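Going letter by letter, the sequence shown gives residues 611 to 917 in the numbering used here.
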Amino acid sequence: MLVTALLAGCGSGAAPAPPGAPLPPPRPVGVQDPAPSPTTQPETESCDPRASYRPGGGLPAPTVAKILARGRLIVGVSQTTYMFGYREPDSGQIVGVDIDIAREISKALFGAPDRVVLRSMAAADRIPATKAGDVDMIIRTTSMNCQRWREVAFSTSYYEARQRVLVRRDSTVRGLGDLGGKKVCAAAGSSDLANIAESAQRPIPVAAVEVLDCLVLLQQGQVEAISNDDAQLAGFVAQDPTTKVVGPPIRVEPYGIMINQSAVDLVRFVNGVLARMRADGTLARIYQRWLTPLGDVPTPPPAIYRD
């Protein structure tokens, strides 16, 4: 990379870097700066992305029967999203809100919470893995939107986040409106990145494989800000108190469990599990367990159905 850069500099007439000049800090692997323009499709029909399929039908339904025969549930998760799906330093286990929900679904299927295989994956791999059938579902702080509904299905929303902005504590930035022409990082394949690119303020979107990589770029001064969901940004502040969350919400981001479009029976089953978790307080207790250190703990969102 250094040789390429020097050759490019010579070809353009730029002066070579003086001997002993400091090299720029290394970047996390896979960073795209600037990020390619997202491919968006115009909305051709009204859509409430929070509306899912009503619970119904008993066991076994086709997809559920296949999972039962296999003897385990395969779930795509994050291992870098603090308090939702992250690797706990002492135990080395992946834990968090999303993981507890996966274990509740395992318990509903098998009578035991440990019949689940957790597969860590990047944000950009969620839809391809779901469509290919590599996993039964994705529980990975995944925002529900109408464009994604065209490719996959979702459960009802189990958490409602709000996209905001994270900057260094000494920054004068007060929100996205102050970031025109400045570099703002988000995870590749995320709705956050698309929202940055579509902003009227025209910030420069930078894509990272994991949003945790964005924190590295912010700490190095390679980006001006990170834009992500507020709960995840609060986790960054807890890990790095030299940062702060600023500005009003950019967009509401309901989280849903992503499932293959053909597996409506599994969606209905999962929605039944979530309905029970709302009714008996399990979901609220999961919130309390993991989100209390981040500040005010919200109330779980109500279920909305499309049928």
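Ideal placement from N, C-alpha and C gives every residue a C-beta, glycine not left out.
Every value quoted in this text rests on a predicted model; they were computed, and no experiment measured them.
Practice item. Could you check what DSSP says for residue 851 in three-state terms: helix, strand or coil? Key: Correct three-state label for residue 851: coil.
Exercise for review: Tell me the start and end of each unbroken beta strand (DSSP E) in the segment 659-707 that is at least 3 residues and wholly inside, in chain order.
Suggested key: 683-687, 695-697
Practice item. Verify whether the separation of the beta carbon atoms of residue 727 and residue 713 is less than 8 Å. Key: no
Point to revise | Start and end residues, beta strand (DSSP E) containing residue 839 | key: Its beta strand (DSSP E) spans residues 835-839.
Review point. By a C-beta neighbour count over all protein chains shown, 10 Å radius and 16 as the cutoff for buried, is residue 722 buried or exposed?
Key: exposed
Check your understanding: According to the Cβ coordinates, are residue 606 and residue 715 closer than 8 Å?
Key -> The requested residue 606 does not occur in the structure, where the chain is confined to residues 611 to 917.
Practice item. Hey, could you find the ends of the alpha helix (DSSP H) residue 769 is sitting in? Key: No alpha helix (DSSP H) holds residue 769; the beta strand (DSSP E) holding it covers 769-778.
Exercise for review: Could you tell me the distance, in whole angstroms, from the CA atom of residue 635 to the CA atom of residue 815?
Suggested key: Distance between the alpha carbons of residue 635 and residue 815: 19 Å.
Review point. Near residue 735, what residues of its chain come up, given a Cβ to Cβ distance below 8 Å and the 5 sequence neighbours on each side ignored?
Key: 686, 799
**Study point:** At least 3 beta-carbon pairs within less than 8 Å: the segment 802-821 vs the segment 887-899
**Key:** The segment 802-821 vs the segment 887-899: no contact.
Check your understanding: What whole-angstrom Cβ distance do residue 761 and residue 862 have, given they're in contact under 8 Å?
Key -> Not confirmed; about 21 Å, so no contact.
Exercise for review: Would you tell me roughly how many angstroms separate the C-alpha atoms of residue 741 and residue 751, rounded to the nearest one?
Suggested key: 18 Å
**Study point:** Sufficient close CB pairs (3 or more, under 8 Å) joining the segment 902-911 to the segment 839-850
**Key:** yes
Exercise for review: Could you tell me how far apart the beta carbons of residue 824 and residue 806 are, in whole angstroms, since I believe they sit closer than 8 Å?
Suggested key: Contact doesn't hold; Cβ gap of about 11 Å is too wide.
Practice item. Determine the closest residue to residue 808 out of 647, 705, 745, 859, with distance taken between C-alpha atoms. Key: 647
Review point. Grouping DSSP H, G and I as helix and E and B as strand, with all else coil, what is residue 728?
Key: strand
Review point. For residue 861, which beta-bridge partners are listed by DSSP?
Key: 773
Point to revise | Rounded straight-line distance, which links the Cα of residue 672 to that of residue 899 | key: 34 Å
Review point. Just how far apart, CA to CA, sit residue 911 and residue 754?
Key: 13 Å
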